[in-house]
Amino acid sequence: MDKTTILVYQFLSQKPVSDKNLLALKKMLAKKTGQGLVKNSEILRIYRQLVKQGKLAKNLALEEQLCLKKTRTLSGVAPVAVLTRPYPCPGKCVYCPNEPGIPQSYLSLEPAVERAKAAQFDPYLQVKRRLKQYRQTGHQPEKIELIVIGGSFSALPGKYKRWFIKRCFEAANQQVSPTLLKAQKVNEASKYRIIGITLETRPDMVNLAEIKLMRQLGATRVEIGVQNLDDRILKLVKRGHGQKASIKATRLLKDAGFKVCYHMMPNLPGSSLVKDRSMFKQLFSDQYFKPDMLKIYPCVVLKEAPLYQWYKDKRYQAYRDKDLLELLVRVKTDLPRWVRLNRLIRDIPKDYIIAGTKVSNLRQVLVKEMQAQGLSCQCVRCREARNLPIKKQALSLKISQYEASGGQEYFLEFVDVQDRLYGLLRLRLVKKNRLAGVFPVLSQAALVRELHVFGQALALEDKQKLKIQHKGLGAALLKRAETISRKNGFKKLAIISGVGAREYYQRFGYRLEQTYMLKELDNKLDN
Ligand code: SF4
Ligand SMILES: [Zn+2]
1 MDKTTILVYQ FLSQKPVSDK NLLALKKMLA KKTGQGLVKN SEILRIYRQL VKQGKLAKNL
61 ALEEQLCLKK TRTLSGVAPV AVLTRPYPCP GKCVYCPNEP GIPQSYLSLE PAVERAKAAQ
121 FDPYLQVKRR LKQYRQTGHQ PEKIELIVIG GSFSALPGKY KRWFIKRCFE AANQQVSPTL
181 LKAQKVNEAS KYRIIGITLE TRPDMVNLAE IKLMRQLGAT RVEIGVQNLD DRILKLVKRG
241 HGQKASIKAT RLLKDAGFKV CYHMMPNLPG SSLVKDRSMF KQLFSDQYFK PDMLKIYPCV
301 VLKEAPLYQW YKDKRYQAYR DKDLLELLVR VKTDLPRWVR LNRLIRDIPK DYIIAGTKVS
361 NLRQVLVKEM QAQGLSCQCV RCREARNLPI KKQALSLKIS QYEASGGQEY FLEFVDVQDR
421 LYGLLRLRLV KKNRLAGVFP VLSQAALVRE LHVFGQALAL EDKQKLKIQH KGLGAALLKR
481 AETISRKNGF KKLAIISGVG AREYYQRFGY RLEQTYMLKE LDNKLDN
């Protein structure tokens, strides 16, 4: 054992764990070794080595203390973003940067792009490195949400798409497989499971064939670049599709059970603060839209995009930060409780931005501003229980019902008295499912589009008593969804399940059919 290891060993075998004495340990190490403050990841590495050697007992509280960026896995899953290789996009959007050697709409200095470039866009390496990074910082990335970025996924060649996703599964499985199907099968019982895959695409590229492929790949969430609802603005920015395409894509995706995330872009050429405000209102009042999730990327002028010339010619002007902030305060205040505002600004390095907001911590600034005005946001993200210990009996089940894209949506949530959110389920009831021709299993089936319990991502075998993910909230939500489906005359329930979550649903009598987890519902009404 080296000197540092001995000191860590002596300290950890005597002292209980707290923030305070962790700092004391670091100070002591700095003093006795003559080096600066040791990082948590280094202490974690030494601790793990000592546990492996049987010198220290496993200490979950300590592991949690040493876990760095805790928020990364607070939603219960470890996000892993992977970039596809550069490929020409059929779009010609004026605000979109196009840098040689980089996937369209991305910039070389964005952190995710830098990571992908270092791996030469190899999906296997990207996933492998990210998982390693999670482990080194004390996380348990055993439930992975794979997020595929790099522009319109649908524009890529079919063969590449299949290969790309297969390699991601292989990286999670830590072994290669002869086919995608086989890699998925292995992942069902693997240590690192891909429990969801997000793909991004253009609304006009969403069709039955594309959806079929997305399901075969294991996708569970689709992000579509809606950007604006006004056809005149979409035409002006050369978006290449209108509102109709977004309406159609939204319905098809929801009927297939996907969670739908919209990318919206305020401050586009031809828009105004007033128009943007009413656009966001329409998004949640008009049943044709109502996305489950939202990413708001205010338009910015980048040298690499055609909009730069418009800006120089004074044909385009960005909102003042103050006005943008006020607009977003209103937008956030109006959000329904069933939507999740995933992002408020893109991770673009400041130096790239010629005009438009450079406030990279926009969300924090907004929260402060809203607090000052006595306002709050009730979206899913703002209410998620942040790894809090819970008493199940203190939670109540709240159900919101709304019409969306030709179906009835039920949003089930477990909340505490302060309206903090511990678990949610999205149930869709649609009489005439547009996807039934492609997936006969969906004919006359109720659909669970999302089941999510919040809390720190745990090792699958860790049975920490107080942690939310093992409280059976998921089971209770599912049971209620079955009851609602039965009451509405549905004879079966289909769940869009990520490959790595299939085993979970098997416990409740679901079986795999045509990429969905399916259960026939008996006639018994339990409540
Ligand atoms: S569709 Fe997306 S990637 Fe293609 S040009 Fe438009 S913004 Fe860029
Ligand atoms: Zn919110």
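In the numbering used here, the protein residues as written are 1 to 527. By construction, the Cβ of each residue, glycine as well, lies at the ideal position given by its N, Cα and C atoms. Please read all numbers here as calculations on a predicted model, not as lab measurements.
Using a cutoff of 7 Å, the CB of R330 does not count as near ligand 2, since none of the ligand's heavy atoms is closer than that.
Following the DSSP letters along the chain, one finds M517 inside the beta strand (DSSP E) bounded by residues 516-520.
With a cutoff of 7 Å, C261 does not count as near ligand 2, since its C-beta is closer than that to no heavy atom of the ligand.
Of the residues assessed, T515 falls on the buried side of the cut-off, its CB having 16 or more other CB atoms within 10 angstroms. Closest by C-alpha distance to I348, out of L435, N361, S246, is N361.
Residue pairing by DSSP puts E409 in a beta bridge opposite Y402, R428.
Under DSSP, I496 takes part in no beta bridge, so it has no partner. C89 carries a coil assignment under DSSP once its states are collapsed to helix, strand and coil.
If you check the C-beta of R381 against ligand 2, you find a heavy atom less than 7 Å away. Residue burial is scored here from C-beta neighbours: D204 has at least 16 other C-beta atoms within 10 angstroms and is therefore classed as buried. Relative to ligand 1, G225 has its C-beta within less than 7 Å of a heavy atom. From the listed residues F508, P79, K58, the smallest Cα separation to E482 is found for F508.
Nearest to T5 by alpha-carbon distance, out of L29, Q14, L447, V274, is L29.
Under DSSP, the beta-bridge partners assigned to G423 are F414, V453.
Per DSSP, the beta-bridge partners of C261 are E223, M293. The distance from the Cβ of I144 to that of L83 is about 16 Å, inconsistent with a contact at the 8 Å cut-off.
Across the structure, L199 and Q35 are spaced so that their CA atoms are roughly 45 Å apart.
Taking C-beta separations shorter than 8 Å and ignoring five residues to either side along the sequence, the partners of Q175 in its chain run V186, following chain order.
Annotation note: the region 170-204 contains the following uninterrupted beta strand (DSSP E) runs of length 3 or greater, listed N- to C-terminal: 193-201.
For L344, the CB stays at least 7 Å from every heavy atom of ligand 2.
Take the alpha-carbon of R215 and the one of K254: they are about 13 Å apart. At least one heavy atom of ligand 2 lies closer than 7 Å to the C-beta of L335. Here the alpha carbon of A183 sits roughly 39 Å from the alpha carbon of L283. Pairing L429 with S485 gives a Cβ-Cβ distance under 8 Å.
In this structure, T250 keeps its C-beta atom at 8 Å or more from the C-beta atom of S154. Ligand 1 approaches C96 closely enough that one of its heavy atoms is under 7 Å from the residue's Cβ. Of the candidates L521, E513, R480, I43, the residue whose Cα lies closest to the Cα of K491 is L521. Short note on Q104: C-beta closer than 7 Å to some heavy atom of ligand 1. Between the beta-carbon of V438 and that of I102 there is about 34 Å, and that puts the pair past the 8 Å contact cut. Secondary structure note for R337: it is in no beta strand (DSSP E), with a DSSP letter that is neither H nor E. Under the three-state reduction of DSSP, P111 is assigned to helix. The criterion of a C-beta distance shorter than 8 Å is not satisfied by K479 and G240.
For the pair G218 and L447, the CB atoms are not nearer than the 8 Å cut-off. DSSP places P97 in no alpha helix (DSSP H); its state is neither H nor E.
The DSSP-derived three-state label of R486 is helix. Burial check for L473: the Cβ neighbour count within 10 Å reaches 16 or more, so the residue is buried.
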